[in-house]
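Protein chains in written order, with this note's numbering: chain A, 136 to 478; chain B, 8 to 195.
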């Protein structure tokens, strides 16, 4: 198979297919090369894979390690990758670090692949339209970084065959899917840019199937987090059971509360809701103070001077608040009698 | 979450006129009817707070506006948006019918396929997975019955709608509970 000298050809392929992104890639590539040659002499090579890899992502170390160790967490990478790519636009300096650690490069490739996969799926989960472009560019630039590091760091000939093979496979599938992705950016459907993993089926049907499954799994994760007590349960059927129970219990509560309100309604007129509306607008934490409620009934003997004060305050609010049915309230002394009569 | 309290506030603002209508109509209604009216007003207010973005809200409004006697409640709550929202919900109803007929076709095909498959599947692994699939399918059916308008959704959108529906239900329960508590407290 053609090896590293083909890196130029490969990036050429990118260019043939995708004009905008490839221009960007090339610019980034040039930057990288320049920075690398600059910093190759200055920076000391870092021994650990972890630190170099984190620098590659532009993340702080602990977050990147988390990314690596927990492939199931889709939520945080989404935010992180979005942030990364925003920062990336600002400063290119962070790219300079990893390219000096040539002996650690082979493991980097695997890690990079995994991280790229996270960014894909995370991008697929949240706002795929906006993040599809960053995820695209992220994969491309990651690929390109691999290529450039490979070309520059000649001493690392270990496992280069493996890496190039992987990359070929990746790129083949990546390019195939990329065209679809670019075309459908404007569409509403979230197209997931999926890579064929090594040893898995690579025809389009199973890829699409896998993408669909990943989407559904991501949604199930969100639901699990939402429903209390669901995160410990494994298995789709049981989780769905819990969700169903939760929804049913919520619906039953709504019925029960409406029954309570109907019972209360028989004794109190709902014109006082205007007051509540005024109050809730001001209250962020909406625990309706009990003192608000009974204060505005002029006829009913109200106990406590505090309520009288509120009554004076709120009378202005009444007329201001409800736009539509004001005349209802002005005529409300009649309807207030419902309180007296049914007591 | 700030979005949650804003959702609650919006729901409450939309609900208040509905409650007023309920109370004005309350004289001639029995207790059960009153309860149903209140529940309906709450549900419609919740759906309106979503402003027609989600499928379940549109389906809910469509169902509510189908019945003539409840239409007035819906109309007051929706106010100016009544026309816009009911029109879009009618469209979704039409889609439902189309989807339903497609589903009948698909079901007939899958039953044929399933009969063939059962005869073939001797290995236990395949059997276990098919059992699991059947369980999940049953539960998705149940969920489709729970979420309003769930019949015409595929799995993925069903999950999304359920997510949204749960959040809105929680907000609704919160507001209703608080209102009920304060009303009960205010009676000396």
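Yeah, the Cβ is synthetic: ideal placement off N, Cα and C, and Gly gets one too.
Straight-line CA distance for residue i to residue j?
i, j, result
"residue 37 of chain B", "residue 343 of chain A", "55 angstroms"
"residue 341 of chain A", "residue 162 of chain B", "18 angstroms"
"residue 114 of chain B", "residue 185 of chain B", "46 angstroms"
"residue 367 of chain A", "residue 15 of chain B", "29 angstroms"
"residue 376 of chain A", "residue 349 of chain A", "20 angstroms"
"residue 198 of chain B", "residue 387 of chain A", "Any property of residue 198 of chain B remains undetermined from this structure, which presents chain B solely from 8 to 195."
"residue 372 of chain A", "residue 120 of chain B", "23 angstroms"
"residue 25 of chain B", "residue 345 of chain A", "47 angstroms"
"residue 339 of chain A", "residue 50 of chain B", "43 angstroms"
"residue 453 of chain A", "residue 183 of chain B", "Annotation note: pLDDT 41 at residue 453 of chain A (below 50); position unreliable, coordinate value reported separately. Cα to Cα, residue 453 of chain A sits roughly 22 angstroms from residue 183 of chain B."
"residue 351 of chain A", "residue 166 of chain B", "8 angstroms"
"residue 118 of chain B", "residue 364 of chain A", "36 angstroms"
"residue 362 of chain A", "residue 73 of chain B", "32 angstroms"
"residue 145 of chain B", "residue 116 of chain B", "18 angstroms"
"residue 312 of chain A", "residue 353 of chain A", "The predicted position of residue 312 of chain A is uncertain, since its pLDDT is 48 and thus under 50; a value taken from the coordinates is nonetheless stated next. Going by the C-alpha atoms only, they are around 21 angstroms apart."
"residue 370 of chain A", "residue 140 of chain B", "11 angstroms"
"residue 382 of chain A", "residue 143 of chain B", "17 angstroms"
"residue 61 of chain B", "residue 159 of chain B", "13 angstroms"
"residue 189 of chain B", "residue 21 of chain B", "19 angstroms"
"residue 222 of chain A", "residue 355 of chain A", "The predicted position of residue 222 of chain A is uncertain, since its pLDDT is 49 and thus under 50; no value can be drawn from it."
"residue 180 of chain B", "residue 385 of chain A", "7 angstroms"
"residue 13 of chain B", "residue 138 of chain B", "43 angstroms"
Assign residue i to buried or exposed, taking buried as 16 or more other Cβ atoms, counted over all protein chains shown, within 10 Å of its Cβ.
i, result
"residue 67 of chain B", "buried"
"residue 192 of chain B", "exposed"
"residue 112 of chain B", "exposed"
"residue 48 of chain B", "buried"
"residue 133 of chain B", "exposed"
"residue 157 of chain B", "buried"
"residue 417 of chain A", "Below a pLDDT of 50, predicted positions are generally treated as unreliable, and residue 417 of chain A, at 47, falls in that range; the measurement from the model is reported next regardless. Classification of residue 417 of chain A: exposed, given that the 10 Å Cβ count is below 16."
"residue 65 of chain B", "buried"
"residue 70 of chain B", "buried"
"residue 148 of chain B", "exposed"
"residue 378 of chain A", "buried"
"residue 58 of chain B", "exposed"
"residue 393 of chain A", "buried"
Using a C-beta to C-beta distance shorter than 7 angstroms, which residues of chain B count as neighbours of residue i?
i, result
"residue 390 of chain A", "46"
"residue 357 of chain A", "170"
Could you list which residues in chain B have their beta carbon closer than 9 angstroms to that of residue i, in chain order?
i, result
"residue 351 of chain A", "162, 163 and 166"
Measuring alpha carbon to alpha carbon, tell me which residue in the options is nearest residue i.
i, options, result
"residue 172 of chain B", "B:55, B:31 and B:29", "B:55"
"residue 389 of chain A", "B:69, B:189 and B:42", "B:42"
"residue 395 of chain A", "B:21, B:39 and B:60", "B:39"
"residue 168 of chain B", "B:152, B:183 and B:181", "B:152"
"residue 244 of chain B", "B:11, B:12, B:13 and B:44", "Given that chain B is displayed from residue 8 to residue 195, the structure contains no residue 244 of chain B and the question cannot be resolved."
"residue 11 of chain B", "B:183, B:188 and B:174", "B:174"
"residue 18 of chain B", "B:118, B:190, B:142 and B:177", "B:177"
"residue 398 of chain A", "B:23, B:29, B:21 and B:20", "B:29"
"residue 359 of chain A", "B:170, B:58, B:179 and B:141", "B:170"
"residue 380 of chain A", "B:52, B:159, B:150 and B:187", "B:150"
"residue 23 of chain B", "B:52, B:32 and B:57", "B:52"
Under 8 angstroms between beta-carbons, which chain A residues line up against residue i? List them in chain order, please.
i, result
"residue 14 of chain B", "The premise fails here: residue 14 of chain B is roughly 11 angstroms from chain A at the closest Cβ pair, so nothing lies under 8 angstroms."
"residue 68 of chain B", "Near residue 68 of chain B there are no residues of chain A at all, since even the closest Cβ is about 17 angstroms away, more than 8 angstroms."
"residue 187 of chain B", "392, 395, 396 and 399"
"residue 132 of chain B", "Within 8 angstroms Cβ-Cβ: nothing; residue 132 of chain B doesn't reach chain A, min ~16 angstroms."
"residue 176 of chain B", "382, 385, 386 and 389"
Below 9 angstroms on C-beta distance, what does residue i contact in chain A?
i, result
"residue 173 of chain B", "358, 361, 362, 378, 381, 382 and 385"
"residue 74 of chain B", "The premise fails here: residue 74 of chain B is roughly 17 angstroms from chain A at the closest Cβ pair, so nothing lies under 9 angstroms."
"residue 180 of chain B", "385, 388, 389 and 392"
Can you list the residues of chain B that residue i reaches, using a CB-CB cut of under 8 angstroms?
i, result
"residue 345 of chain A", "Per Cβ cutoff of 8 angstroms: no residues; residue 345 of chain A is ~14 angstroms from chain B at best."
"residue 354 of chain A", "163, 166, 167 and 170"
What does residue i touch in chain A if you count any residue whose Cβ is under 7 angstroms from its own?
i, result
"residue 191 of chain B", "399"
"residue 184 of chain B", "392"
"residue 71 of chain B", "Under the 7 angstroms cutoff, chain A gives no residues; its nearest Cβ is about 14 angstroms from residue 71 of chain B."
"residue 49 of chain B", "389 and 393"
Item to check | Within 7 angstroms of chain B by C-beta, residues of the segment 366-383 of chain A in sequence order | outcome: Answer in chain order: 371, 372, 375, 376, 378, 379, 381, 382 and 383.
Checklist entry - Going along the chain, which residues of the segment 137-153 of chain B sit with their C-beta nearer than 8 angstroms to a C-beta in chain A? => result Those residues of the segment 137-153 of chain B that come within reach of chain A (Cβ to Cβ, closer than 8 angstroms) are 139, 142, 143, 146, 147, 149, 150 and 153.
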